[in-house]
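Accompanying notes for the structure given below.
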Amino acid sequence: MSVRIRLARHGRRKQPVYRIVVADSRSPRNGRFLEVIGSYNPQNNDEVRLDSGKLDAWVEKGAQPSETVHRLIRKISRPQS
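Dropping the structure here:
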């Protein structure tokens, strides 16, 4: 089973809010997931909330972040100037 860390879309039409989830790579975007590890709100100044402990645990187990999630992780780990 290949596990990915990716975004699952929620929210209303034209007002997306995303959950950062750990899911099997074969499941649909908003389908079954293993765990929610954070959220991303592009409407609210690109607000990202992420449980770094859960993220590290899943990466240790072999979960691969998607390109978008990888970009968000780099963005929040960079020191704010």
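Once you know that position 79 of the sequence shown is 79 in this note's numbering, the rest is easy, because the numbers rise by one and skip nothing.
A virtual CB, placed ideally from N, CA and C, is assigned to each residue, including glycine.
Just so it is clear, the structure is predicted and the values come from calculations on it, not from any experiment.
Taking the alpha helix (DSSP H) that residue i belongs to, which residues open and close that run?
i: D51; result: Premise fails: D51 is in no alpha helix (DSSP H) and is neither H nor E.
i: S77; result: E67 to S77
Spatial neighbours of residue i within its chain, please: CB distance less than 6 Å, with the 5 preceding and 5 following residues excluded, ordered by chain position.
i: V83; result: Residue coverage of the chain in this structure runs from 1 to 81, which leaves residue 83 outside it and unanswerable.
i: S39; result: R19 and R49
i: S25; result: S2 and R4
Got a sec, what are the start and stop residues for the beta strand (DSSP E) residue i sits in?
i: A63; result: Segment: none, A63 is in no beta strand (DSSP E) and carries neither H nor E.
i: S25; result: Where S25 is concerned, there is no enclosing beta strand (DSSP E), given that its DSSP letter is neither H nor E.
i: N41; result: E35 to N41
i: G31; result: Neither: G31 is in no beta strand (DSSP E) and is coded neither H nor E.
i: I13; result: First, the residue type needs correcting, since residue 13 is Arg and not Ile in the sequence shown. Looking at the DSSP string, R13 is not in any beta strand (DSSP E), and its letter there is neither H nor E.
Out of curiosity, what's the CA-to-CA distance linking residue i and residue j?
i: N44; j: H10; result: 14 Å
i: R32; j: A63; result: 16 Å
i: R74; j: L55; result: 13 Å
i: H70; j: Q15; result: 22 Å
i: P28; j: R78; result: 31 Å
Between which residues of its own chain and residue i is the CB-CB distance below 8 Å, once the five residues before and five after are set aside?
i: D51; result: I37 and G38
Please confirm whether residue i and residue j have their CB atoms less than 8 Å apart.
i: S66; j: R13; result: no
i: N41; j: A8; result: no
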